[in-house]
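Enquirer: Just so we're on the same page, the numbering used here is the position in the sequence shown counted from 1, plus 1. Glycine included, every Cβ here is placed at the ideal spot set by N, Cα and C.
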Amino acid sequence: MIKNVGIDIVKNNRITASPEFVKKLLSPVEYEYYSKISNLNRQIEYLAGRWAAKEAIIKAINHERIVLNEISITLSDNKIIVVDGVPLQRNEQLNVSISHEQEYSVAVAILSENN
């Protein structure tokens with residue numbers, strides 16, 4: 002059963018690849034992946050997607066005290082988004098989707114409850 006949904010959209014040109022922003026946003030695992038991206042536009046898209054996803058997660062779980070760089074959003078071997086570092090109840094599940102389109106990145110987080 003769906004408990005809550007969070008959504009966030011980011012205009013990519015509002016994102017900066019400054020070291021301070023990157024440190025605030027990315028977990029160590031995310032930073033490792035990010036540091037291997039050589040194309041600046043792809044770096045910005047990656048940061049915008051992670052920002053949108055983490056904001057959507059915060060909205061979905063109604064928890065404002067989340068530290069952004071403690072949430073880790075990665076892809077599994079079969080391209081499924083894996084989220085770590087989010088405080089959930091034992092019977093809760095969080096699904097996240099991230100999408101990019103030229104100027105914008107958007108993410109949706111769905112918090113559901115298993116019976």
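(1) Please name the residue, chosen from Ala-49, Ser-98 and Lys-37, that lies closest to Gly-7 on a Cα-to-Cα basis.
(2) Mind listing, in chain order, the continuous alpha helix (DSSP H) runs of no fewer than 4 residues lying wholly within the segment 37-106?
(3) With DSSP as the reference, identify every bridge partner of Lys-12, one or two as the case may be.
(4) Write down the C-beta distance between Gln-44 and Tyr-35 rounded to the nearest angstrom, noting that I regard them as a contact closer than 8 Å.
(5) Taking Leu-27 as part of the alpha helix (DSSP H), name the residues at either end of that continuous run.
(6) Out of Ile-3, Ile-72 and His-101, state which residue places its alpha-carbon closest to the alpha-carbon of Pro-88.
Expert: To lay it out plainly:
(1) Ser-98
(2) 41-62
(3) Tyr-105
(4) 7 Å
(5) No alpha helix (DSSP H) contains Leu-27, which DSSP labels as neither H nor E.
(6) Ile-72
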